[in-house]
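Positions 35 to 249 (my numbering) are the ones given, in order, by the sequence shown.
Backbone N, C-alpha and C define an ideal beta-carbon position, used for all residues, glycine too.
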Amino acid sequence: MRPLVILALLLLSACAENPVTHQKELVLVSEAQEIAEGRELHPKVIAHFGLYRDEALQAYVQEIGTKLAAHSHRPELIYRFTVLDSPETNAFSLPGGYIYVMRGLLAYLNSEAELAAVLGHEIGHVAARHSVRQQTMATAASLGYALGSILFPELRTQVAQNIYDILGTAVIRGYGRKMELEADHLAAQYMAKVGYDPHAILEVLRTLKALDDFE
């Protein structure tokens with residue numbers, strides 16, 4: 035039973051307060067580690083997609099994003115907003131406040147409020163530490179399987195590994211849907227505080243659905 039006691043102590047020591055819900059959660063990545071991870075990945079993202087060479091547009095997106103981030107649940111974090119030179123209709127964020135929107139998506143946005151909706155959604159992911167929570171879930175699942183293999187050697191079979199993989203993927207995917215809804219809700223909050231119409235989120239979602247249907 036000693037491994038169980040050690041694991042329990044480790045999990046208890048890794049609990050931290052979520053900036054959005056203010057509830058204690060299992061977190062295996064500190065804020066400093068989160069920021070360091072984003073800083074390390076940022077140049078790799080730029081190298082892969084390319085930076086969109088329009089300084090005025092970059093400054094504009096940074097300005098809108100900064101206004102929204104100031105009203106987020108982590109206003110002390112330094113947020114960096116970057117337009118990528120990619121035709122893809124996508125936006126995403128990295129741990130630690132690194133947020134990206136692709137020029138392909140900008141071409142389909144019809145107002146500043148819709149841009150704010152996209153940026154606010156990604157700020158919501160960062161503010162709620164969604165990437166950190168996903169990493170924690172994946173690590174916890176891995177630790178659980180490793181510990182189970184020690185206590186119950188029969189779990190080391192390939193069948194057991196396949197079951198673990200399926201369950202782990204299902205949990206993370208389900209949690210991902212919940213995170214997307216939470217990010218939309220947070221975006222609406224931040225937009226309203228700045229003065230944007232939160233209904234712009236619905237317009238963006240309609241646009242993205244139309245693009246998916248077209249493809």
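Problem - With 16 other Cβ atoms within 10 Å as the buried cut-off, status of residue 129 - result: Start at 1 with the first residue of the sequence shown, and residue 129 comes out as number 95. Counting of Cβ neighbours within 10 angstroms places residue 129 among the buried residues, the total reaching 16 or more.
Handout entry: C-alpha gap between residue 212 and residue 89, whole angstroms
Key = By 1-based counting over the sequence shown, the position of residue 212 is 178. By 1-based counting over the sequence shown, the position of residue 89 is 55. So the alpha carbons of these two residues sit roughly 35 Å apart.
Exercise for the section: Go through its chain and collect everything with a Cβ distance to residue 105's Cβ below 7 Å, but skip five positions before and after it. Expected result: Within the sequence shown, numbered from 1, the residue matching residue 105 stands at position 71. Answer for residue 105: 224, 227 and 228, listed in chain order.
Practice task
Look up residue 125 in the DSSP assignment and say whether it is helix, strand or coil.
Solution key: Within the sequence shown, residue 125 is the residue found at index 91, counting from 1. Three-state result, residue 125: strand.
Handout entry: 9 Å Cβ cutoff met for residue 95 and residue 126
Key = For the purposes of this step, residue 95 is taken as the residue at position 61 of the sequence shown. For the purposes of this step, residue 126 is taken as the residue at position 92 of the sequence shown. With contacts defined as CB atoms closer than 9 Å, residue 95 and residue 126 fail to qualify as a contacting pair.
Handout entry: Range covered by the alpha helix (DSSP H) that runs through residue 157
Key = Looking up residue 157 in the sequence shown gives position 123. 146-161 is the span of the alpha helix (DSSP H), which, as asked, contains residue 157.
Handout entry: Backbone CA spacing between residue 243 and residue 117 [nearest angstrom]
Key = Taking the sequence shown and counting its residues from 1, the one referred to as residue 243 is at position 209. Taking the sequence shown and counting its residues from 1, the one referred to as residue 117 is at position 83. A direct Cα-Cα distance of roughly 22 Å separates residue 243 from residue 117.
Practice task
Can you tell me which of 233, 161, 246 and 230 puts its alpha carbon nearest to the alpha carbon of residue 69?
Solution key: For the purposes of this step, residue 69 is identified with residue 35 of the sequence shown, where counting begins at 1. It is 161.
Handout entry: Cα-Cα separation, residue 119 to residue 54
Key = Within the sequence shown, residue 119 is the residue found at index 85, counting from 1. Within the sequence shown, residue 54 is the residue found at index 20, counting from 1. In this structure, the CA atom of residue 119 is about 32 Å from the CA atom of residue 54.
Practice task
Would you mind stating whether residue 220 and residue 158 have Cβ atoms separated by less than 9 Å?
Solution key: Start at 1 with the first residue of the sequence shown, and residue 220 comes out as number 186. Start at 1 with the first residue of the sequence shown, and residue 158 comes out as number 124. Yes; because the gap between Cβ atoms is below 9 Å, this pair is in contact.
Exercise for the section: Identify the continuous beta strand (DSSP E) that holds residue 114 and give its terminal residues. Expected result: As a first step, residue 114 is located in the sequence shown; it is residue number 80 there, counting from the start. That run of the beta strand (DSSP E) goes 114-118.
Handout entry: Those residues which DSSP pairs with residue 133 across a bridge
Key = Position 99 of the sequence shown holds residue 133. Answer by DSSP bridge pairing, in chain order: 115 and 127.
Handout entry: CB contact flag (residue 86, residue 99, <9 Å)
Key = Start at 1 with the first residue of the sequence shown, and residue 86 comes out as number 52. Start at 1 with the first residue of the sequence shown, and residue 99 comes out as number 65. No, these two residues do not count as a Cβ contact at 9 Å.
Problem - Assigned exposure category for residue 179 - 16 Cβ within 10 Å defines buried - result: Counting from one through the sequence shown, the residue named residue 179 turns up at place 145. With a pLDDT of 47 at residue 179, under the threshold of 50, the modelled position of this residue cannot be trusted; read the value that follows with caution. Its Cβ being crowded by 16 or more others within 10 Å, residue 179 is buried.
Problem - Simplified DSSP state of residue 62, which is helix, strand or coil - result: Along the sequence shown, one-based indexing puts residue 62 at 28. Coil, per DSSP.
Exercise for the section: Indicate the three-state DSSP secondary structure (helix, strand or coil) for residue 215 in the structure shown. Expected result: Taking the first residue of the sequence shown as 1, we reach residue 215 at position 181. It is helical.
Practice task
Leaving out five residues on either side along the sequence, give the residues of the same chain with a beta carbon under 6 Å from the beta carbon of residue 143.
Solution key: On the sequence shown, residue 143 is found 109 positions in, with the first residue counted as 1. Taking C-beta separations shorter than 6 Å and ignoring five residues to either side along the sequence, the partners of residue 143 in its chain run 149, following chain order.
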